[in-house]
Amino acid sequence: MSRTVSNKKEALSILRQMPSSILFKSTDSNKVYASEYFEKDFGIIEPSGITSSSLTFYDPYSKKEMLGRADPFLLVESGEQLAKQCRLQTQSRTMNCYIEGGMV
Numbered sequence: 000m001s002r003t004v005s006n007k008k009e010a011l012s013i014l015r016q017m018p019s020s021i022l023f024k025s026t027d028s029n030k031v032y033a034s035e036y037f038e039k040d041f042g043i044i045e046p047s048g049i050t051s052s053s054l055t056f057y058d059p060y061s062k063k064e065m066l067g068r069a070d071p072f073l074l075v076e077s078g079e080q081l082a083k084q085c086r087l088q089t090q091s092r093t094m095n096c097y098i099e100g101g102m103v
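Here the numbering used here is used: the first residue of the sequence shown is 0, the next is one more, and so on.
What follows is the structure, given as structure tokens:
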């Protein structure tokens, strides 16, 4: 039996409990939400403090910051499917990651 998520708060609660390291955000906001696993993996102590500006994505080969049209959030918001390697830096940690993204 499928169920429709009725509101944003319920959707956020479900996504936060996903058993993997995920980031998600609304297209109408700069606020970024993270699953509990992401917070643990990346050492996020204050999850309320995550914004797209507190996360930095780098190309793992050129070492350049992924800005503008290369920004993963902007790519997904523009309708592109995302699947690539990157280096993700938070205030606590930096890790090489394989990221995938899409609209929900």
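Glycine included, every Cβ here is placed at the ideal spot set by N, Cα and C. Please read these numbers as outputs of a predicted model, since none were measured by experiment.
Open item on the list: Could you give the first and the last residue of the continuous alpha helix (DSSP H) run that contains A10?
Closed with: Against the sequence shown, residue 10 aligns to sequence position 11. That run of the alpha helix (DSSP H) goes K7 to R15.
Task: Start and end residues, beta strand (DSSP E) containing F23 - done: Position 24 of the sequence shown, counting from 1, holds the residue named residue 23. L22 to K24 is the extent of the beta strand (DSSP E) around F23.
TODO: Look up A82 in the DSSP assignment and give the residues it is bridged to.
DONE: As a working mapping, residue 82 is identified with position 83 in the sequence shown. Partner(s): E99.
TODO: May I ask which residues mark the beginning and end of the beta strand (DSSP E) holding Y32?
DONE: Mapped onto the sequence shown, residue 32 falls at position 33. Where Y32 is concerned, the enclosing beta strand (DSSP E) stretches over V31 to A33.
TODO: Count the other C-beta atoms from every protein chain shown that fall within 10 angstroms of the C-beta of P18, then say buried if there are 16 or more, exposed otherwise.
DONE: In the sequence shown, the residue the question calls residue 18 occupies position 19. When all chains shown are included, P18 counts as exposed.
Open item on the list: Using a Cβ-Cβ cutoff of less than 7 angstroms, which residues in the same chain neighbour L11 once the five nearest sequence positions on both sides are dropped?
Closed with: The count along the sequence shown starts at 1 and reaches residue 11 at position 12. Closer than 7 angstroms at the Cβ level, and outside the excluded window around L11, lie Y32.
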